[in-house]
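Here the protein sequences come in this chain order: A and B. Take the first sequence: its letters are residues 1215 to 1588, numbered as in the numbering used here. Take the second sequence: its letters are residues 125 to 441, numbered as in the numbering used here. C-beta: ideal position from N, C-alpha, C; glycine also. Quantities reported herein were computed from a predicted structural model and do not represent experimental measurements. Before any comments, here is the structure.
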Amino acid sequence: MTSQVQTLESLRAHRASAWTLSRRKMALRIFGLAVMIIYSVFTIFPFYILFVRSFVATADAGELHLWLPKARPVDMNTEVGNLSVFYNLDLKEMKQALGIPKGKVLRARETLAEVAKKYNIPEERIRNYFEGFYLFNGWQTLLFGQAGGSNFWAALLRTIIIAFISLGILIVLSIFTGYGLAGLRRRDQMYVYNLYLLQMVIPAMLIILPQYQMFQWFFKLFPGYDVQNSFIRQALQLLAVILINIKGTALSTMIFVSAISGIPRDLEESAMLDGAGRWQYIRHILFPLLKVPIVSLTVIQLPLFYNQFLEPYVYLDPANTTLLPFIANTAGQFSTNFQVIYSGVFASILPLLVVYLIFRRFFVEGVMAGAIKG
Amino acid sequence: MQVAATKPSSGISLPGPSAPTISALSRRRILEDWKYILPQLFFFVVLNIVPLFVAIPILLTDMSQFNDPQVNYVGLRNFTALFTDRAVQADYLPAFQRTIIFVALNYTTVYIFGLSLALLMYEVGFRGGFFTVIYLPLMVSGLAVGYMASMLFAKETGSANLLLMKLGLLKEPINIYTATGTALLLPLMVGWRYAGYNMAIFLSGLLSIPKETIESAVVDGASYWQRLTRIYFPQMWPSFILATTMCLIGSWAVFDELVALGALYVNPNAKFLSVLFFIYGFQVERLSMGMTLALETFLPLVLVGVALQRLQRRLQY
């Protein structure tokens, strides 16, 4: 079995030798590079369009926009009733922003000019308010609004908490597993290893129904079993998702078993001779040696945890949910407002994208090292 | 149980035929090992293996929802429903058809995107920058990919539709919400998403080929096609099998993308098998039927997956 170190070395050697080809192949090389650049554009295109579309008003979605649109001039003859459809705005908020007293009712057939006259608001103020709303309606609704009883920031926070707790515990438990299975010398170790490999071929959809049933029995936190204390209920729901995340995967087992198998046994024996216990050996000697596999598992698993949808969607209340179910709820609630939906989708991608671009070196090397294991 | 605890460990080796008796020392070693194996194994078995067995008694009943007050034993009726019950067939067969078309097309994207990009990268030389870009879509969730698909290819408002029509490459707008649209475009989007992942699998397979074999083939005057079929592909079998396994399991159970396309509520054309099981379990109170159908669908798949895994390991070691 190729170790990760060897893979990375061959990767670097390959990179270095690639420049020493004959000139005849330069043409082919340039052709190849051109194809890669075209494919890169093809890859980036949806991201760019998503960014642009998060600023395009739903009413203008039928036109092609390749750059941020200019705000449409506000027609003072527009009726109030049409505005709420057009800009998807909340009338209460609009009244507050324009300084209209709370008791007054705006009629659907009143035009903006009439409203301005009636409440003595300068037209300029109304224009500014709606022009700002034109571009940023989606982002405003997403970042300051509610969907299903949760808001964007709380959902993001829950996602981050779940992802980091899951990742931390998964790494520690997987190192233990890898240590216990290292070498795969005995039959019992082989059985356990093969059991973990099963995870790769069992789809989550196959076990989600009975799994949900089991959580229903033990945690009693779903509809019909309403626990009085909602804090405990929500904490147990989050715990359910974390438990599913830390249960170990084929990948985590393969990565750590092969990494720890590659570490000489002499190291452990000499540590034992010096009086170290097993725990001390793992903590102070093994752990620092496992940086490459830890990075490898992190860069593969972090996107999976961050982008987890099925389990949070099933196990968490809408008021207690993570980012992606929140986006799905938002899209369900504002189903005709594309601006909000695409703002939400873009906002859900952005945090991980930033992390990816900052740590891209680790991602590339970790993924290449992990790809060997599957 | 065979034990050779003193043998220096070097990678993975199957237990040897010789079976020395277990000494007290190695027995302690086994116990110690299990102390470290057990914590995660407990969660794994309880959450991933036990559910398969928990399902068995439920499959024989007419349990309609998770806290059904009245559950009756119905024997094997759920299992035969797929072949006898018209209502179930009306739900299952169209979903099955959609799924199998999706799986087939999605499997071709593994090669169209993943393999070609890996070969390109291998011949041009490894470029971290391109890898970064190609791997980028993997940071996008399946749900977001579904919304992006409808953003690009919705009939009236799809940006890609509008662009292609403006460039004159397209006369009629594509509509992702039709049956054909979903069947053709969803694999494209999913292939786009997994391109970097599949490329990494194939590229690591390519990089593990000994350089000498390629060089001697070049010296002997082999054309590129001959090199591909005689040198590269035969030595990349583990990569092919791994990519096949991942694609097969992943695309049979595709779910997130379909939710984004409205499969759970409004869009019947996006109702694939996994969506059907979800709806049976959580929405229309046909829990035991949903579990049975899921088992009947996925169990053959799991067996194929296990066989592929075994094959891969035999080829690799």
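Taking only beta-carbon positions, decide if residue i is within less than 7 Å of chain A.
| i | result |
| --- | --- |
| V212 (chain B) | no |
| T256 (chain B) | yes |
| A143 (chain B) | Its pLDDT being 48, under 50, A143 (chain B) is placed unreliably by the model, and the measurement read from it follows with that caveat. No, A143 (chain B) lies away from the interface with chain A (no Cβ there is under 7 Å from its Cβ). |
| G429 (chain B) | yes |
| M187 (chain B) | no |
| F364 (chain B) | no |
| G199 (chain B) | no |
| I161 (chain B) | yes |
| T281 (chain B) | yes |
| D380 (chain B) | yes |
| Q433 (chain B) | yes |
| A387 (chain B) | no |
| F277 (chain B) | no |
| T130 (chain B) | Note on T130 (chain B): pLDDT 38, under 50, position unreliable in the model; the coordinate value appears next. No - not a single Cβ of chain A is within 7 Å of the one on T130 (chain B). |
| I355 (chain B) | no |
| F422 (chain B) | yes |
| P181 (chain B) | no |
| M88 (chain B) | As shown, chain B starts at 125 and ends at 441. That puts residue 88 (chain B) outside it, with no answer to give. |
Could you name the residues that DSSP lists as bridge partners for residue i?
| i | result |
| --- | --- |
| A1655 (chain A) | Because chain A spans 1215 through 1588 in this model, residue 1655 (chain A) falls outside it and cannot be assessed. |
| T1589 (chain A) | One cannot answer for residue 1589 (chain A) here, as it falls past the ends of chain A, which runs 1215 to 1588. |
| T1257 (chain A) | In DSSP, T1257 (chain A) forms no bridge with anything. |
| Y197 (chain B) | B:T185 |
Going by C-alpha distance, which of the options is nearest residue i?
| i | options | result |
| --- | --- | --- |
| N196 (chain B) | B:L184, B:F190 and B:L206 | B:L184 |
| E381 (chain B) | B:T368, B:V264 and B:I298 | B:V264 |
| F255 (chain B) | B:A341, B:V169 and B:A324 | B:A324 |
| I333 (chain B) | B:Y246, B:V314, B:P392 and B:M275 | B:Y246 |
| L1357 (chain A) | A:L1370, A:R1286 and A:E1345 | A:L1370 |
| V390 (chain B) | B:L276, B:Y301, B:L294 and B:Y259 | B:Y301 |
| T1272 (chain A) | A:G1246, A:A1542, A:W1353 and A:P1315 | A:W1353 |
| N1342 (chain A) | A:K1318, A:F1390 and A:M1290 | A:M1290 |
| G405 (chain B) | B:L388, B:G320 and B:N393 | B:L388 |
| L1264 (chain A) | B:L439, B:L419, B:R434 and B:M275 | B:M275 |
| I1340 (chain A) | A:G1295, A:Q1360, A:L1384 and A:P1287 | A:P1287 |
| G270 (chain B) | A:L1516, A:P1260 and A:R1237 | A:P1260 |
| A1275 (chain A) | B:S363, B:E280, B:A205 and B:K290 | B:E280 |
| L397 (chain B) | B:L417, B:I236 and B:Q407 | B:L417 |
| L305 (chain B) | B:S188, B:L149, B:P424 and B:A394 | It should be pointed out that residue 305 (chain B) corresponds to Gly in this sequence rather than to Leu. For the residues B:S188, B:L149, B:P424 and B:A394, the minimum Cα distance to G305 (chain B) belongs to B:A394. |
| S188 (chain B) | B:V428, B:T223 and B:Q407 | B:Q407 |
Counting contacts by CB-CB distance shorter than 7 Å, is residue i in contact with chain B?
| i | result |
| --- | --- |
| A1273 (chain A) | no |
| F1269 (chain A) | no |
| M1468 (chain A) | no |
| T1216 (chain A) | Residue placement at T1216 (chain A) is poorly supported in this model, since its pLDDT is 46, which falls under 50; the coordinates still yield a value, given next. Yes, T1216 (chain A) lies at the interface with chain B (some Cβ there is under 7 Å from its Cβ). |
| G1588 (chain A) | Its pLDDT being 47, under 50, G1588 (chain A) is placed unreliably in this model, and the coordinates cannot settle the point. |
| K1284 (chain A) | no |
| K1434 (chain A) | no |
| T1292 (chain A) | no |
| P1502 (chain A) | no |
| M1240 (chain A) | no |
| V1578 (chain A) | yes |
| E1223 (chain A) | no |
| G1246 (chain A) | yes |
| M1486 (chain A) | no |
| N1342 (chain A) | no |
| A1585 (chain A) | yes |
Can you round the beta-carbon distance between residue i and residue j to whole angstroms, since I take them to be within the 8 Å contact cut?
| i | j | result |
| --- | --- | --- |
| P1417 (chain A) | A377 (chain B) | 3 Å |
| L385 (chain B) | A219 (chain B) | Not a contact, Cβ separation roughly 14 Å. |
| S1557 (chain A) | L1538 (chain A) | Between L1538 (chain A) and S1557 (chain A) the Cβ distance is about 15 Å, and since that is not below 8 Å, they are no contact. |
| F1523 (chain A) | L286 (chain B) | 29 Å between Cβ atoms; not a contact. |
| L310 (chain B) | A273 (chain B) | 6 Å |
| S1388 (chain A) | F1519 (chain A) | Wrong, their Cβ atoms sit about 14 Å apart, outside the cutoff. |
| S328 (chain B) | M1582 (chain A) | 6 Å |
| N322 (chain B) | A367 (chain B) | 5 Å |
| S375 (chain B) | F237 (chain B) | So it is not a contact: roughly 14 Å between Cβ atoms. |
| A1454 (chain A) | Y1529 (chain A) | 5 Å |
| S412 (chain B) | N202 (chain B) | 6 Å |
Using a C-beta cutoff of 7 Å, does residue i count as contacting chain D?
| i | result |
| --- | --- |
| N196 (chain B) | Here chain D cannot be found, since the structure's protein chains are A and B. |
Positions along the segment 201-230 of chain B whose CB lies within less than 9 Å of some CB in chain A: none
Which of the residues in the segment 1306-1318 of chain A, read from start to end, lie with their CB under 7 Å from any CB of chain B? none
Using a Cβ cut-off of 8 Å, which residues of the segment 1412-1428 of chain A contact any Cβ in chain B, in chain order? L1412, Q1413, M1414, V1415, I1416, P1417, A1418, M1419, L1420, I1421, I1422, L1423, P1424, Q1425, Y1426, Q1427 and M1428
Report the residues of the segment 1541-1566 of chain A with a CB closer than 9 Å to any CB of chain B, ordered along the chain. I1541, A1542, A1545, G1546, S1549, F1552, I1555, Y1556, G1558, V1559, F1560, S1562, I1563 and L1566
Can you pull out the residues from the segment 1361-1395 of chain A whose beta carbon lies closer than 7 Å to at least one beta carbon of chain B? L1387, S1388, F1390, T1391, Y1393, G1394 and L1395
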